[in-house]
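In terms of the UniProt record's numbering, the sequence shown has 138 at position 138, counting the first letter as 1, and numbering is strictly consecutive.
Ideal Cβ positions, reconstructed from N, Cα and C, are used throughout, including at glycine.
Comments concern the structure below.
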Amino acid sequence: MRIDRWLWQLSGLLLIFLNSCSDTLESSVTVYSNDFSELDLSGFEGARLFIFQNDTISGFYNKEEVTLRLENLPSHNVMKVTVDILVHDSWDGNPDDGQSGPDYWIMGIDQHEVFRTTFSNSPCESTFCLYQSYPDNFARQNVPKSGAVKTNIPGLCIFGAFSSYTTQYSISKLVSHTNGDIDISLRDELRQDGIPDQACDESWSIASIVVEALVVN
């Protein structure tokens, strides 16, 4: 079984584990929280700041990886990572046509993939719809913007003059973990064959990230 699939299944089991009547959340410590309002990128590798809709966020990224490294963690057996991301412009979701998709977004923990999904900002009509996988793992078929926090944000670049071409999602994952440090990687795999300005066509940003160390018994 692939390690990324195993970790994804483990995350789902942990959700049941945390909500069962026989197991107890003994402690929860927020070890990192950043909405970038303080212009702080400490702990990040490959990250940058910019202003979008009068708000300072981290981005925008196209075919890039951002890693947050945290050290000297308190004692724990589960880590919870919650990241709010903004998906900008013409993401095409699931289609595997070799040119426009799939448009993947991936979270990794300590070099292991724990979540791979797709997003779509495409209009969805009865005769044409570019489905996405989120809030599920690839390759589920969900309508565009499923599970979104906000859907009425203007695009960033190619669709900057149009509303509803940036979509905000809040993604939260639980991972079994006991090490004293952790690497959290966020990246994309976008298909944009034949697009001259790819970063203007599709990109993503981080609005905030919160990392918690949990003890569950």
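Per-residue DSSP class, three states only, for residue i
i, result
"residue 73", "coil"
"residue 201", "helix"
"residue 63", "coil"
"residue 24", "coil"
"residue 58", "strand"
"residue 91", "coil"
"residue 195", "coil"
"residue 51", "strand"
"residue 38", "coil"
"residue 45", "strand"
"residue 125", "coil"
Assigned exposure category for residue i - 16 Cβ within 10 Å defines buried
i, result
"residue 161", "exposed"
"residue 220", "The structure shown does not extend to residue 220, since the chain is modelled only from 1 to 217, so the question has no answer here."
"residue 87", "buried"
"residue 81", "buried"
"residue 212", "buried"
"residue 144", "buried"
"residue 51", "exposed"
"residue 194", "exposed"
"residue 202", "buried"
"residue 190", "buried"
Spatial neighbours of residue i in its chain, beta-carbon cut-off 6 Å, leaving aside the 5 residues before and after
i, result
"residue 41", "47"
"residue 165", "89, 121, 155, 159"
"residue 199", "62"
"residue 180", "73"
"residue 1", "For residue 1, the predicted model reports a pLDDT of 40, less than 50, meaning its position is unreliable and no value from the coordinates is stated."
"residue 124", "143, 144"
Expected contact under 8 Å - CB spacing of residue i and residue j to nearest Å
i, j, result
"residue 45", "residue 67", "5 Å"
"residue 215", "residue 75", "7 Å"
"residue 103", "residue 96", "Actually they do not touch by this definition, with Cβ atoms about 11 Å apart."
"residue 59", "residue 205", "3 Å"
Cβ-based neighbour list, residue i, same chain, cut-off 7 Å, excluding 5 preceding and 5 following
i, result
"residue 148", "167, 168, 169"
"residue 16", "With a pLDDT of only 49 at residue 16, under the threshold of 50, the placement of this residue in the model should not be trusted; the figure read from the coordinates follows. So no residue of the chain qualifies."
Residues near residue i in its chain [Cβ-Cβ closer than 8 Å; skip 5 each side]
i, result
"residue 140", "133"
Residue(s) in a DSSP beta bridge with residue i
i, result
"residue 153", "166"
"residue 108", "113, 185"
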